[in-house]
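For reference, the structure is listed below as structure tokens.
Protein chains: 6
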Amino acid sequence: MRLKDKKVLTVVDHEFEDLELWYPIYRLQEEGAIVHIAGKEGEHTYTGKYGVPAKSDYSFDTIQIEEYDGILVPGGWAPDKLRRYDEVLDMVKFMDEKQRPIGQICHAGWVLISADILRGRKVTSTPGIKHDMMNAGAEWLNEAVITDGHLISSRRPPDLPAYAKAFADALAENSK
Amino acid sequence: MRLKDKKVLTVVDHEFEDLELWYPIYRLQEEGAIVHIAGKEGEHTYTGKYGVPAKSDYSFDTIQIEEYDGILVPGGWAPDKLRRYDEVLDMVKFMDEKQRPIGQICHAGWVLISADILRGRKVTSTPGIKHDMMNAGAEWLNEAVITDGHLISSRRPPDLPAYAKAFADALAENSK
Amino acid sequence: MRLKDKKVLTVVDHEFEDLELWYPIYRLQEEGAIVHIAGKEGEHTYTGKYGVPAKSDYSFDTIQIEEYDGILVPGGWAPDKLRRYDEVLDMVKFMDEKQRPIGQICHAGWVLISADILRGRKVTSTPGIKHDMMNAGAEWLNEAVITDGHLISSRRPPDLPAYAKAFADALAENSK
Amino acid sequence: MRLKDKKVLTVVDHEFEDLELWYPIYRLQEEGAIVHIAGKEGEHTYTGKYGVPAKSDYSFDTIQIEEYDGILVPGGWAPDKLRRYDEVLDMVKFMDEKQRPIGQICHAGWVLISADILRGRKVTSTPGIKHDMMNAGAEWLNEAVITDGHLISSRRPPDLPAYAKAFADALAENSK
Amino acid sequence: MRLKDKKVLTVVDHEFEDLELWYPIYRLQEEGAIVHIAGKEGEHTYTGKYGVPAKSDYSFDTIQIEEYDGILVPGGWAPDKLRRYDEVLDMVKFMDEKQRPIGQICHAGWVLISADILRGRKVTSTPGIKHDMMNAGAEWLNEAVITDGHLISSRRPPDLPAYAKAFADALAENSK
Amino acid sequence: MRLKDKKVLTVVDHEFEDLELWYPIYRLQEEGAIVHIAGKEGEHTYTGKYGVPAKSDYSFDTIQIEEYDGILVPGGWAPDKLRRYDEVLDMVKFMDEKQRPIGQICHAGWVLISADILRGRKVTSTPGIKHDMMNAGAEWLNEAVITDGHLISSRRPPDLPAYAKAFADALAENSK
Numbered sequence: 001m002r003l004k005d006k007k008v009l010t011v012v013d014h015e016f017e018d019l020e021l022w023y024p025i026y027r028l029q030e031e032g033a034i035v036h037i038a039g040k041e042g043e044h045t046y047t048g049k050y051g052v053p054a055k056s057d058y059s060f061d062t063i064q065i066e067e068y069d070g071i072l073v074p075g076g077w078a079p080d081k082l083r084r085y086d087e088v089l090d091m092v093k094f095m096d097e098k099q100r101p102i103g104q105i106c107h108a109g110w111v112l113i114s115a116d117i118l119r120g121r122k123v124t125s126t127p128g129i130k131h132d133m134m135n136a137g138a139e140w141l142n143e144a145v146i147t148d149g150h151l152i153s154s155r156r157p158p159d160l161p162a163y164a165k166a167f168a169d170a171l172a173e174n175s176k
Numbered sequence: 001m002r003l004k005d006k007k008v009l010t011v012v013d014h015e016f017e018d019l020e021l022w023y024p025i026y027r028l029q030e031e032g033a034i035v036h037i038a039g040k041e042g043e044h045t046y047t048g049k050y051g052v053p054a055k056s057d058y059s060f061d062t063i064q065i066e067e068y069d070g071i072l073v074p075g076g077w078a079p080d081k082l083r084r085y086d087e088v089l090d091m092v093k094f095m096d097e098k099q100r101p102i103g104q105i106c107h108a109g110w111v112l113i114s115a116d117i118l119r120g121r122k123v124t125s126t127p128g129i130k131h132d133m134m135n136a137g138a139e140w141l142n143e144a145v146i147t148d149g150h151l152i153s154s155r156r157p158p159d160l161p162a163y164a165k166a167f168a169d170a171l172a173e174n175s176k
Numbered sequence: 001m002r003l004k005d006k007k008v009l010t011v012v013d014h015e016f017e018d019l020e021l022w023y024p025i026y027r028l029q030e031e032g033a034i035v036h037i038a039g040k041e042g043e044h045t046y047t048g049k050y051g052v053p054a055k056s057d058y059s060f061d062t063i064q065i066e067e068y069d070g071i072l073v074p075g076g077w078a079p080d081k082l083r084r085y086d087e088v089l090d091m092v093k094f095m096d097e098k099q100r101p102i103g104q105i106c107h108a109g110w111v112l113i114s115a116d117i118l119r120g121r122k123v124t125s126t127p128g129i130k131h132d133m134m135n136a137g138a139e140w141l142n143e144a145v146i147t148d149g150h151l152i153s154s155r156r157p158p159d160l161p162a163y164a165k166a167f168a169d170a171l172a173e174n175s176k
Numbered sequence: 001m002r003l004k005d006k007k008v009l010t011v012v013d014h015e016f017e018d019l020e021l022w023y024p025i026y027r028l029q030e031e032g033a034i035v036h037i038a039g040k041e042g043e044h045t046y047t048g049k050y051g052v053p054a055k056s057d058y059s060f061d062t063i064q065i066e067e068y069d070g071i072l073v074p075g076g077w078a079p080d081k082l083r084r085y086d087e088v089l090d091m092v093k094f095m096d097e098k099q100r101p102i103g104q105i106c107h108a109g110w111v112l113i114s115a116d117i118l119r120g121r122k123v124t125s126t127p128g129i130k131h132d133m134m135n136a137g138a139e140w141l142n143e144a145v146i147t148d149g150h151l152i153s154s155r156r157p158p159d160l161p162a163y164a165k166a167f168a169d170a171l172a173e174n175s176k
Numbered sequence: 001m002r003l004k005d006k007k008v009l010t011v012v013d014h015e016f017e018d019l020e021l022w023y024p025i026y027r028l029q030e031e032g033a034i035v036h037i038a039g040k041e042g043e044h045t046y047t048g049k050y051g052v053p054a055k056s057d058y059s060f061d062t063i064q065i066e067e068y069d070g071i072l073v074p075g076g077w078a079p080d081k082l083r084r085y086d087e088v089l090d091m092v093k094f095m096d097e098k099q100r101p102i103g104q105i106c107h108a109g110w111v112l113i114s115a116d117i118l119r120g121r122k123v124t125s126t127p128g129i130k131h132d133m134m135n136a137g138a139e140w141l142n143e144a145v146i147t148d149g150h151l152i153s154s155r156r157p158p159d160l161p162a163y164a165k166a167f168a169d170a171l172a173e174n175s176k
Numbered sequence: 001m002r003l004k005d006k007k008v009l010t011v012v013d014h015e016f017e018d019l020e021l022w023y024p025i026y027r028l029q030e031e032g033a034i035v036h037i038a039g040k041e042g043e044h045t046y047t048g049k050y051g052v053p054a055k056s057d058y059s060f061d062t063i064q065i066e067e068y069d070g071i072l073v074p075g076g077w078a079p080d081k082l083r084r085y086d087e088v089l090d091m092v093k094f095m096d097e098k099q100r101p102i103g104q105i106c107h108a109g110w111v112l113i114s115a116d117i118l119r120g121r122k123v124t125s126t127p128g129i130k131h132d133m134m135n136a137g138a139e140w141l142n143e144a145v146i147t148d149g150h151l152i153s154s155r156r157p158p159d160l161p162a163y164a165k166a167f168a169d170a171l172a173e174n175s176k
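Chains as they are written, first to last, in the UniProt record's numbering: chain G, 1 to 176; chain W, 1 to 176; chain C, 1 to 176; chain X, 1 to 176; chain S, 1 to 176; chain Z, 1 to 176.
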């Protein structure tokens with residue numbers, strides 16, 4: 001199991017896209033990674049856009065981000081809230097500085113825009129936020145998954161098979 | 001009734017912010033304005049974020065935009081969909097070129113970003129999309145209502161009293 | 001702002017008609033009025049018929065009704081509950097005795113029936129409760145808004161533009 | 001089975017009180033009665049206040065009311081709609097003139113008010129509509145079930161055991 | 001009232017079939033029986049499959065099962081949870097040993113399977129669990145109600161009139 | 001991609017467990033498998049227990065089961081419906097006879113019980129249906145995933161990483 005020493009953080013808030021949160025978590029666990037869910041509140045149940053629950057393991061302010069090898073940002077409407085937390089933006093910026101894998105899918109790009117780490121980067125996202133991504137300095141491409149260095153992005157749920165695989169590969173190859 | 005010869009268009013899609021759609025419609029009607037609701041489908045019932053229904057009078061593709069004196073874009077999640085329709089972007093651009101009042105509140109700014117009419121303009125919005133607004137070239141201010149020429153913007157439902165009044169004033173003063 | 005020294009109370013319970021509660025509140029605030037929301041519980045979130053939330057500022061039993069210049073009763077199913085609280089009936093009766101504006105819309109008339117203040121008054125309401133209104137001694141008319149002295153009534157949401165305006169006018173003209 | 005030659009009609013609309021509709025239907029069937037459900041639309045599924053479905057057998061306008069030995073009006077919010085249909089009021093009046101059993105529970109009284117058959121009658125109902133019942137000429141009593149001639153009334157779901165029994169007894173004793 | 005000295009227990013969990021829980025309770029009360037509702041939690045509101053609420057009187061672990069003359073198991077998805085509680089299985093087994101009436105309807109049979117009391121018994125149930133019932137040793141019949149000794153079973157809500165009557169009869173005839 | 005020539009069928013009905021349906025589909029697609037969704041109706045949107053939608057590609061009666069290399073049965077309440085369709089049972093039996101991989105998770109075992117293919121097999125499932133599984137002749141084990149020949153079973157969503165991997169392995173190794 002090539003990810004057995006890896007720790008990944010996923011951030012969550014209400015109205016996350018249900019499959020975009022859970023698919024990558026389970027997929028990384030398959031290869032041995034430990035995945036923690038962090039929310040504004042710890043041990044709190046957040047509810048997805050369709051209704052699937054997700055209980056946070058920790059609150060943002062208790063996370064030691066340097067212990068994690070990668071970060072995942074789910075889509076749905078949650079990113080509209082997540083981008084408002086300084087703790088979330090700081091964690092994303094830290095990962096970017098350390099060049100550790102950052103996964104974003106669908107509307108997750110809003111968080112990366114607010115963290116201001118997209119200038120000059122190749123990305124994809126839901127077409128809905130294409131203009132926001134481009135205005136933030138990114139080069140936007142319409143492909144199932146884009147890997148630009150440690151930045152892995154996808155468009156929507158049907159891209160999940162390619163997205164989670166690409167993130168797992170990046171994680172396996174990356175050494176913090 | 002100072003608005004009795006005025007016609008206003010409001011655009012709608014599912015998950016509009018219920019009060020942000022309806023309050024300005026009723027407020028303008030009070031002064032005699034005719035307000036039409038347009039959606040991707042005509043005579044279709046759209047449902048607000050909380051559940052309030054709104055039936056569209058017309059479909060986007062049957063609107064003669066030059067007949068309208070102003071346009072309103074509601075908040076909620078609807079703007080994430082509305083910004084994807086070329087007809088909506090064209091209507092907003094037309095209003096901007098003709099300098100007729102454009103009202104936007106909360107997340108409505110996404111539509112104006114995609115219509116690319118914010119460069120050099122003073123606006124407000126929900127703080128959630130502040131970075132998107134700034135990246136699109138706008139100067140973002142944290143006030144209940146900002147009137148910059150024919151562009152009227154507000155942040156959230158409690159700003160509705162000031163917002164609808166400012167839009168009505170702009171409409172009354174504007175001559176197409 | 002002709003209402004800047006005015007204080008208005010609106011009473012609330014679950015399943016209020018969402019727009020009938022909120023539209024008049026915002027419309028009066030536009031002209032400077034202070035509007036408080038009172039429920040059986042204070043600082044409690046009540047949910048409208050469609051789902052729009054409204055948090056009460058105060059509980060009924062902490063209200064000093066003589067400090068208010070007018071009272072608003074929203075429609076929906078909330079009036080079926082509101083008419084069962086003696087505090088609500090007493091507040092409505094007090095306003096009636098002092099001839100301060102009382103606004104009622106749609107099903108709100110049930111509260112006025114139980115307060116027994118409709119004998120000989122001209123009113124309107126949803127047609128659904130027409131017989132209840134007439135049996136309570138009122139003369140029932142099918143018009144968008146009826147102003148009979150300090151009693152202002154309307155039928156349903158599309159009457160809100162006329163209703164809130166009529167209530168604001170009554171409030172401005174009334175001196176407690 | 002003492003009710004095996006009896007036919008009963010129950011009227012329905014959306015947001016009926018789920019148990020107040022279904023309990024009497026099943027209870028009468030136990031003793032052999034045929035119970036039909038009629039709504040504005042025939043073979044249409046109406047949904048109770050809590051969500052229990054009920055499919056109408058017939059539409060109001062196809063009912064031959066003289067073929068029925070009794071009529072049931074459920075509570076919930078449905079009576080607010082049912083009282084607006086002339087067909088419903090006519091059916092209730094017919095039953096009253098023929099002195100065949102009429103059952104009403106909770107908010108069902110609104111229908112009897114609009115049919116204007118309560119003058120001088122002893123009834124009960126949810127306390128919420130007590131004033132409407134009294135204003136319509138009824139003598140209102142706070143008891144689990146009131147049988148006044150062919151008029152059987154109850155207050156709320158916990159009265160259902162006594163209510164359905166009383167209606168069944170009245171039906172058994174009545175000869176059309 | 002032939003059941004006036006009888007005490008019956010009904011067990012409940014979330015997603016019970018709304019009518020299958022409530023109809024027998026009310027029907028037995030009509031004849032004077034006392035019916036208690038027990039859940040994992042006492043004085044807790046459980047919600048039916050469609051949304052009808054039911055508040056438990058007691059928690060399983062406070063029940064003195066020997067004081068009860070019969071037990072009712074409702075259908076819906078609740079039996080999938082109820083069969084997992086040892087307290088519930090023990091109560092059902094006790095009733096079986098003492099040959100006191102056990103009522104089961106629809107999916108309630110799952111509980112009796114886990115209590116292992118179906119070997120050689122004639123029963124019915126929703127056809128959905130027919131194979132589970134037969135695999136547990138029962139003889140499965142497709143009839144509205146089956147009474148095999150103290151075991152009374154039915155298939156679905158339309159069988160409720162016959163089911164509750166059969167249970168009441170069994171209760172009246174049984175002497176603990 | 002070791003599964004690129006493989007075709008898998010998953011059966012669906014309303015109230016499927018959202019993640020138990022979708023996770024295996026995406027996971028198999030990652031390795032190149034084609035996965036079709038079949039329901040009673042083709043091109044029909046089914047809704048998961050929590051609300052995630054799934055559109056069927058085909059109806060049961062148009063499936064040529066011999067073209068598929070494996071079959072997946074999701075959990076949730078859908079299996080309670082799926083086990084009632086002869087087409088579903090026939091497809092499962094066919095896969096069993098041909099010794100092609102059959103995946104079942106949580107409550108999916110009900111379908112295999114009704115297909116009567118569990119005698120002498122080692123399986124797991126949600127503990128809720130343990131007795132049904134054992135009564136159907138299976139040996140029940142409490143482990144994350146059990147592979148007994150071409151039969152792969154798991155208990156609940158957190159087992160999905162191991163479950164989908166085990167099914168993919170079985171599919172890769174199996175030659176129809």
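Cβ atoms here follow ideal geometry from the backbone N, Cα and C, with glycine treated the same way.
By the criterion of Cβ-Cβ separation under 8 Å, what are the contact partners of residue i in chain W?
i	result
residue 165 of chain C	30
When the Cα atoms are used, what is the spatial distance from residue i to residue j?
i	j	result
residue 47 of chain G	residue 4 of chain W	46 Å
residue 108 of chain X	residue 49 of chain G	38 Å
residue 21 of chain W	residue 127 of chain W	19 Å
residue 122 of chain W	residue 92 of chain W	17 Å
residue 104 of chain S	residue 9 of chain S	12 Å
residue 40 of chain Z	residue 55 of chain Z	11 Å
At a CB-CB cut-off below 8 Å, which residues of chain G make contact with residue i?
i	result
residue 127 of chain W	84
Looking only at DSSP bridge pairs, what is residue i linked to?
i	result
residue 50 of chain C	Looking at the DSSP assignment, residue 50 of chain C forms no beta bridge with any residue, so it has no partner.
residue 39 of chain S	S:59
residue 8 of chain Z	Z:35 and Z:70
Can you pull the chain W neighbours of residue i, defined as C-beta to C-beta under 7 Å?
i	result
residue 90 of chain G	Per Cβ cutoff of 7 Å: no residues; residue 90 of chain G is ~15 Å from chain W at best.
residue 5 of chain C	Within 7 Å Cβ-Cβ: nothing; residue 5 of chain C doesn't reach chain W, min ~17 Å.
Show which residues of chain C have a CB atom less than 7 Å away from the CB atom of residue i.
i	result
residue 80 of chain X	128
Could you name the residues of chain C that residue i contacts, counting a contact when the two beta carbons are closer than 9 Å?
i	result
residue 22 of chain W	18, 19, 22, 23, 157 and 160
Find the residues of chain X that neighbour residue i, judging by a C-beta separation of less than 7 Å, and give them in chain order.
i	result
residue 2 of chain S	Ordered by position in chain X, no residue passes the 7 Å Cβ test against residue 2 of chain S, which lies about 13 Å from the chain.
For the 8 Å Cβ check, are there 3 or more pairs between the region 150–169 of chain Z and the region 20–32 of chain G? yes
contact_flag[the region 78–85 of chain Z, the region 63–70 of chain Z] where n(CB pairs < 8 Å) is 3 or more: no
Identify each residue in the region 130–143 of chain S for which the Cβ-Cβ distance to at least one residue of chain Z is less than 7 Å, and report them in chain order. 131, 132, 135 and 136
Interface residues of the region 99–115 of chain C facing chain X [CB-CB below 7 Å]: 113 and 114
So, does the region 86–106 of chain C touch the region 66–81 of chain X, judging by three or more C-beta pairs under 8 Å? no
Residues, ordered as in the chain, of the region 34–55 of chain C that lie near chain W by beta-carbon distance below 9 Å: Under the 9 Å Cβ criterion, the region 34–55 of chain C contributes 47, 48, 49, 50, 51, 52 and 53.
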